[in-house]
Amino acid sequence: METYTRQSAQAVAVQDDPDARELLQRAFDRTSRWRADFAGFTATLVVNDDGAEHQGTASVTMPRAVEVKLPEASLQQWAQQQLAMMAGHRAYRSFNQADGKYVLTLGPAEAHPLGRLVFIHGDGMNSRYRVRDERICQIQRAMERVQFTINIEDTTTTHDGKVLTTRFSVYYFSPSSGQLTQVESFTDDYVEVQGVVLPRVRRVTFAEQGAARVHELRLSDHGLLNH
Numbered sequence: 026m027e028t029y030t031r032q033s034a035q036a037v038a039v040q041d042d043p044d045a046r047e048l049l050q051r052a053f054d055r056t057s058r059w060r061a062d063f064a065g066f067t068a069t070l071v072v073n074d075d076g077a078e079h080q081g082t083a084s085v086t087m088p089r090a091v092e093v094k095l096p097e098a099s100l101q102q103w104a105q106q107q108l109a110m111m112a113g114h115r116a117y118r119s120f121n122q123a124d125g126k127y128v129l130t131l132g133p134a135e136a137h138p139l140g141r142l143v144f145i146h147g148d149g150m151n152s153r154y155r156v157r158d159e160r161i162c163q164i165q166r167a168m169e170r171v172q173f174t175i176n177i178e179d180t181t182t183t184h185d186g187k188v189l190t191t192r193f194s195v196y197y198f199s200p201s202s203g204q205l206t207q208v209e210s211f212t213d214d215y216v217e218v219q220g221v222v223l224p225r226v227r228r229v230t231f232a233e234q235g236a237a238r239v240h241e242l243r244l245s246d247h248g249l250l251n252h
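For the sequence shown, the positions run 26 to 252 when this note's numbering is used.
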């Protein structure tokens, strides 16, 4: 999934709903994140581009620095984007530093299979989530250049009872026409190193020039960084 710049947040004249806040915070608290003192990790990297393997190295230094070394420039950029996305999702933050800093409201009561709708007002992305069984099951965002929906299809539970996503799909739509422009399917696997759950494999399937292509990122020989 690509990264896009948020639009400027508009002033919000909506009353915060305590029920929406409680629903989303429970899901937030169940999501697995690295500890506040987690410094990052290094790893050996292999990127498989539809059967062609490229070997390199990766370093993730919290909170934002990601360095990838691969001989192929476009794959290096792709791998760096994927690791930055994973690190951003796993980085420590409190609920009030994340979606909790916005005004939250509930959508209408309904028996949707992915759960109750929660609107996030003022984040500049027109975000809305569906929450079920203390898990975020769907994320919708709409920005100037892109509109997308993420369906979280499968998860795993860590040793401390937290939830990690293992399979999800991203549906991209044209903001002007609403037409589907791309679908990416993600599969993630993890490894525990000295009590820290780290990414091990990410496989992404996507459409390109009339064919379904696969990129796979594999990490091994993980080493934890120290502050």
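Ideal Cβ positions, reconstructed from N, Cα and C, are used throughout, including at glycine.
Exercise. Taking the C-alpha atoms as reference points, what is the distance between residue 232 and residue 194?
Worked result: Rounded to the nearest angstrom, the gap between the Cα atoms of residue 232 and residue 194 is 13 Å.
Exercise. When the distance is taken between beta carbons, is residue 53 closer than 8 Å to residue 120?
Worked result: yes
Problem set entry | Cβ pair residue 93, residue 83 closer than 8 Å | At the C-beta level, residue 93 and residue 83 come within 8 Å of one another.
Exercise. Would the beta-carbon of residue 128 fall within 8 Å of that of residue 105?
Worked result: no
Problem set entry | CA nearest to the CA of residue 234, picked from 132, 207 and 241 | 207
Exercise. How far does the beta strand (DSSP E) with residue 109 in it reach, from first residue to last?
Worked result: Element bounds for residue 109: not the beta strand (DSSP E) but the alpha helix (DSSP H), 98 to 115.
Exercise. Mind checking whether residue 250 and residue 86 have CB atoms under 8 Å apart?
Worked result: Using a Cβ distance threshold of 8 Å, residue 250 and residue 86 count as a contacting pair.
Problem set entry | At least three beta-carbon pairs within less than 8 Å, the segment 43 to 51 to the segment 145 to 159 | yes
Exercise. Rounded C-beta distance between residue 242 and residue 107? I'm assuming under 8 Å.
Worked result: 6 Å
Exercise. Measuring CB to CB, does residue 139 end up less than 8 Å from residue 44?
Worked result: No, the Cβ-Cβ distance between residue 139 and residue 44 is not below 8 Å.
Problem set entry | Beta-carbon gap between residue 150 and residue 170 smaller than 8 Å | no
Exercise. Near residue 253, which residues of its chain fall below 6 Å by C-beta distance, leaving aside the five closest residues on each side in sequence?
Worked result: Outside the displayed span of the chain (26 to 252) sits residue 253, for which this structure offers no information.
For this session: Compute the Euclidean distance between the alpha carbons of residue 168 and residue 174, then round it to the nearest angstrom.
Result: Cα to Cα, the separation comes out at about 12 Å.
For this session: My understanding is that residue 266 touches residue 188, with C-beta atoms under 8 Å, so please give their C-beta distance in whole angstroms.
Result: What the structure shows of the chain is the stretch from 26 to 252, and residue 266 is not part of that stretch, so it cannot be assessed.
Exercise. In terms of residue numbering, what span does the alpha helix (DSSP H) encompassing residue 53 cover?
Worked result: Residue 53: member of the alpha helix (DSSP H) spanning 43 to 55, first to last residue.
For this session: Identify the continuous beta strand (DSSP E) that holds residue 6 and give its terminal residues.
Result: This structure cannot speak to residue 6, because the chain is shown only from 26 to 252.
For this session: Drop a sphere of 10 angstroms on the beta-carbon of residue 39, count the other beta-carbons inside from all chains shown, and report buried for 16 or more, exposed for fewer.
Result: exposed
Exercise. Cβ-heavy atom distance between residue 214 and the ligand HEM below 7 Å?
Worked result: The ligand HEM is absent from the structure shown, which contains no ligands of any kind.
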